[in-house]
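Novice: When we follow the UniProt record's numbering, the leftmost residue of the sequence shown carries the number 1, and every step to the right adds one. The beta-carbon is built from N, C-alpha and C at its ideal position, and this holds for glycine as well.
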Amino acid sequence: MTVHYLLNCYNMKILVKQVEEEGGQYNVNIQSDNNPLSFGNTLYTASSKEKAIRVADQLCTFYSMARMSGYHLHGKAFCKPEVDEIPAEYVLMRDRSKDELHAMLTHS
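(1) Within 10 angstroms of its Cβ, does V3 collect 16 or more other Cβ (buried), or is it exposed?
(2) Can you give me the Cβ contacts of E85 inside the same chain, cut-off strictly under 7 Å, excluding the 5 residues immediately before and after it?
(3) Extract the residue ranges of the alpha helix (DSSP H) inside the region 54-105, only unbroken runs of 4 or more that lie entirely within it.
(4) On a CA-only basis, which of L6, M1 and M12 is nearest S64? Give me that one, please.
(5) Less than 9 Å between the C-beta atoms of D57 and L105, yes or no?
(6) Around the C-beta of Y90, are 16 or more other C-beta atoms found within 10 angstroms, so that it is buried, or is it exposed?
(7) From the DSSP output, which residues share a beta bridge with M12?
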């Protein structure tokens, strides 16, 4: 496993890791600063490093917006009491503008 990108985001680290034993795919993981020895939670898998890095940047943007809106990441979904959860895969499955990301938080 090779780490190609590391991004400090809020109180988390977002990593792009290439997993050679899985055909060289690139996993976008999120890891708590409170548990730096864990491998983190894989939220997205991409076939190219460039796509994985774009997804990691988008994840950081959305994660920061979500935290400011009262959401927290629980497993693989963004959760807030009395609001439908937002699956991380749904957020990351395509490139989205900041306005689109914000709309996901306000229209849930």
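Specialist: Taking the definition as stated:
(1) Within the sequence shown, numbered from 1, the residue matching residue 3 stands at position 3. So V3 counts as exposed.
(2) Taking the sequence shown and counting its residues from 1, the one referred to as residue 85 is at position 85. So the list reads A77, F78 and C79, once near-sequence residues are dropped.
(3) 88-92
(4) One-based indexing of the sequence shown puts residue 64 at position 64. Of L6, M1 and M12, the smallest CA-CA separation from S64 is found for M12.
(5) As a first step, residue 57 must be located in the sequence shown, where it is residue number 57. As a first step, residue 105 must be located in the sequence shown, where it is residue number 105. It is not a contact, given that the beta carbons lie outside the stated cut-off.
(6) Counted from its first residue, the sequence shown places residue 90 at position 90. Its Cβ having fewer than 16 others within 10 Å, Y90 is exposed.
(7) Taking the first residue of the sequence shown as 1, we reach residue 12 at position 12. Paired residues: C9 and S32.
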